[in-house]
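Peer 1:
There are 2 protein chains.
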Amino acid sequence: MDSNQIPDIVVERLPLYLQTLQRLLKEGQETTSSKDLGNRIGISAAQIRKDLSHFGGFGKQGTGYSIKYLIEKLEDILNVNQVWDIALVGVGFLGHAIANFDGFQNHGFKIAYIFDNDPGKIGTKIGNHEILDSKKMKEIIKKNKIRVVMITVDAEHAQDVANHAVEAGVDAILNYAPVKLMVPESVQVQNIDPILKLQHMTYYLR
Amino acid sequence: MDSNQIPDIVVERLPLYLQTLQRLLKEGQETTSSKDLGNRIGISAAQIRKDLSHFGGFGKQGTGYSIKYLIEKLEDILNVNQVWDIALVGVGFLGHAIANFDGFQNHGFKIAYIFDNDPGKIGTKIGNHEILDSKKMKEIIKKNKIRVVMITVDAEHAQDVANHAVEAGVDAILNYAPVKLMVPESVQVQNIDPILKLQHMTYYLR
DNA sequence: TAGATTGTTAATCGATTAACAATC
DNA sequence: TAGATTGTTAATCGATTAACAATC
Numbered sequence: 004m005d006s007n008q009i010p011d012i013v014v015e016r017l018p019l020y021l022q023t024l025q026r027l028l029k030e031g032q033e034t035t036s037s038k039d040l041g042n043r044i045g046i047s048a049a050q051i052r053k054d055l056s057h058f059g060g061f062g063k064q065g066t067g068y069s070i071k072y073l074i075e076k077l078e079d080i081l082n083v084n085q086v087w088d089i090a091l092v093g094v095g096f097l098g099h100a101i102a103n104f105d106g107f108q109n110h111g112f113k114i115a116y117i118f119d120n121d122p123g124k125i126g127t128k129i130g131n132h133e134i135l136d137s138k139k140m141k142e143i144i145k146k147n148k149i150r151v152v153m154i155t156v157d158a159e160h161a162q163d164v165a166n167h168a169v170e171a172g173v174d175a176i177l178n179y180a181p182v183k184l185m186v187p188e189s190v191q192v193q194n195i196d197p198i199l200k201l202q203h204m205t206y207y208l209r
Numbered sequence: 004m005d006s007n008q009i010p011d012i013v014v015e016r017l018p019l020y021l022q023t024l025q026r027l028l029k030e031g032q033e034t035t036s037s038k039d040l041g042n043r044i045g046i047s048a049a050q051i052r053k054d055l056s057h058f059g060g061f062g063k064q065g066t067g068y069s070i071k072y073l074i075e076k077l078e079d080i081l082n083v084n085q086v087w088d089i090a091l092v093g094v095g096f097l098g099h100a101i102a103n104f105d106g107f108q109n110h111g112f113k114i115a116y117i118f119d120n121d122p123g124k125i126g127t128k129i130g131n132h133e134i135l136d137s138k139k140m141k142e143i144i145k146k147n148k149i150r151v152v153m154i155t156v157d158a159e160h161a162q163d164v165a166n167h168a169v170e171a172g173v174d175a176i177l178n179y180a181p182v183k184l185m186v187p188e189s190v191q192v193q194n195i196d197p198i199l200k201l202q203h204m205t206y207y208l209r
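Those protein sequence lines, which keep their order, are chains A and B.
Quick note: to get the numbering used here, add 3 to the position in the first sequence (first position is 1).
Quick note: to get the numbering used here, add 3 to the position in the second sequence (first position is 1).
#1: Ignore the nearest five residues each way along the sequence and tell me which others in residue 128/B's own chain have a CB closer than 8 Å to its CB.
#2: Going by the CB atoms, is the gap between residue 140/A and residue 91/A shorter than 7 Å?
#3: Give every residue of the same chain whose Cβ lies closer than 7 Å to the Cβ of residue 73/A, excluding the five residues on either side of it in the sequence, and list them in chain order.
#4: Of the residues 164/B, 205/B and 182/B, which one's Cα is nearest the Cα of residue 174/A?
#5: What residues in its chain sit with their C-beta under 6 Å from that of residue 131/A, if we drop five residues either side in the sequence?
#6: From the DSSP secondary-structure annotation, give me the bridge partner or partners of residue 116/B.
#7: Between residue 135/A and chain B, is any beta-carbon pair separated by less than 7 Å?
#8: Bridge partners of residue 185/A, per DSSP?
#9: With 7 Å as the threshold, decide whether the Cβ of residue 50/A is near any Cβ in chain B.
#10: Would you say residue 161/A lies against chain B (beta-carbon separation less than 7 Å)?
#11: Name, please, each residue of chain A whose Cβ falls closer than 7 Å to the Cβ of residue 169/B.
#12: DSSP state of residue 134/A, grouped into three classes?
#13: Quick check: the segment 185–192 of chain A against the segment 102–111 of chain A, are there 3 or more CB pairs under 8 Å?
#14: Indicate whether the contact test is met: 3 or more Cβ pairs, each with one atom in the segment 92–101 of chain B and one in the segment 7–14 of chain B, closer than 8 Å.
#15: Can you tell me whether residue 47/A is helix, strand or coil according to DSSP?
#16: Does the Cβ of residue 21/A have 16 or more other Cβ atoms within 10 Å, making it buried, or fewer, making it exposed?
#17: Using a 10 Å radius around the Cβ and a threshold of 16 neighbouring Cβ atoms, would you call residue 54/B buried or exposed?
#18: Mind checking residue 209/A: buried by the 16 CB within 10 Å criterion, or exposed?
#19: State the Cα-Cα distance for the pair residue 200/B and residue 63/B, rounded to the nearest angstrom.
#20: At least one CB of chain B closer than 7 Å to the CB of residue 200/A: is that the case?
#21: Against chain A, does residue 18/B count as a neighbour if the rule is that its beta carbon must be under 7 Å from one of theirs?
#22: Let's test the definition: count the other Cβ atoms within 10 Å of the Cβ of residue 35/A and tell me whether it reaches 16, buried, or not, exposed.
#23: Return no unless some Cβ of chain B is closer than 7 Å to the Cβ of residue 15/A.
#24: Compare the C-alpha of residue 29/A against each of 71/A, 195/A, 150/A and 172/A and name the closest.
#25: Name, going along the chain, the residues of the segment 96–109 of chain B whose beta-carbon falls closer than 9 Å to a beta-carbon of chain A.
#26: State the start and end residues of the unbroken beta strand (DSSP E) segment that holds residue 151/B.
#27: How far does the beta strand (DSSP E) with residue 178/B in it reach, from first residue to last?
#28: Does residue 127/B come out as helix, strand or coil in the three-state DSSP assignment?
#29: If you measure from the beta carbon of residue 205/B to each beta carbon in chain A, is any gap under 7 Å?
#30: Is residue 89/B near residue 151/B, with beta carbons less than 7 Å apart?
#31: Between residue 105/B and residue 160/A, what straight-line distance do the alpha-carbon atoms span, to the nearest angstrom?
#32: Near residue 168/B, what residues of its chain come up, given a Cβ to Cβ distance below 6 Å and the 5 sequence neighbours on each side ignored?
#33: Buried or exposed: which applies to residue 45/A, given that a residue is buried once 16 or more other Cβ atoms fall within 10 Å of its Cβ?
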């Protein structure tokens, strides 16, 4: 166990470990080793052991790790042994796709509120969610203590939405707009931008 | 100029530099400095200069970088001074959203072919693209020398699609399915998975 | 017991930062 | 000229890997 600050690059790998372990469990496997897990993920066994050792000793010499137990531990560490209500802001094609995505539920998340500022959309439904007026976002986030927001509005409005969300008390933002959001240091931001990923790959295409 | 292998972590940052420079150009700015750019992106000026120095000297002492010139150079380096035709496979909500996204065009990409295996979808249209039968994917990719594929099918079918794409000659895959794809070393893979990003953030939420 | 695999320490490797001469 | 900023070298920092005693 290490009570110092955990490097963020280690934290970043934990969800990947969790995902892989969950797949193995589903496939009926009961134990794994750092070697096995590393092979599947494409990283070294040493790195997996080192990463996990920041949080404790979860394995047994000779036999490796109980998948079920390690999943539990990782869920605890990542705080996904609970369900986080998410507010989704922006109902374009992308927001619509995310609102209809059913993969969040089993992994610690739930789209709980959906906002848009288009009068033509407000009041209509996606699944069983009514689209709410963005004007009410701040109030509703505050009242329901929502801490996680997904932003799927266009680049021009993303910073505005982020500002309102932060004022309402949100402290994690998953941003799909192609802009760097300016937020207080205490607020987590992660970006998803397919263009950056594509351009990263085309570098290698000659 | 450095003729050795460029670290991938450097390559990964270049699209972000390009994106930021394009925004600055749009805002009417004509020159920038490593300090200015660093401030906007949230990294050090030294790192930007070091990164760029792998590819050549693009700036002028005292005045910094011509934004227009640096954009040109980065587009050359990233091979996005051309338009890459992309094949999109899987027309669920997400595939639909991507097919309708108009942000690719100006950044080096174009959705050129869309595939699905659902007879109810084949032959219907998204915008002016007809949805084609996945059975024809391999042939069409080969014939049209498509090198980039986006996979938006579910986790169970993603590896299958990847296999066919690779057999057809594709060498870059943007994968939205929550699985690690097994492909030859020569094939680039990038993953987009919102759950991993969300769990990365919830680690920090106490 | 013999084989396998952990958790941890030390060694290696690589990335970032600081500093500065060169020069616009 | 004086101020600003580059490109590059050396110093620092941090992450990954190798190795191994402990032990299931």
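The beta-carbon is built from N, C-alpha and C at its ideal position, and this holds for glycine as well.
Peer 2: Looking at the atomic coordinates:
#1: 134
#2: no
#3: 24 and 61
#4: 205/B
#5: none
#6: 90/B
#7: no
#8: None; residue 185/A has no bridge partner.
#9: no
#10: no
#11: By Cβ distance, chain A contributes nothing, its closest Cβ being about 14 Å from residue 169/B, past 7 Å.
#12: strand
#13: no
#14: no
#15: coil
#16: buried
#17: buried
#18: exposed
#19: 38 Å
#20: yes
#21: yes
#22: buried
#23: yes
#24: 71/A
#25: 96, 97, 98, 99, 100, 101, 102, 103, 104, 106 and 107
#26: 151–154
#27: 175–178
#28: coil
#29: yes
#30: yes
#31: 17 Å
#32: 152
#33: exposed
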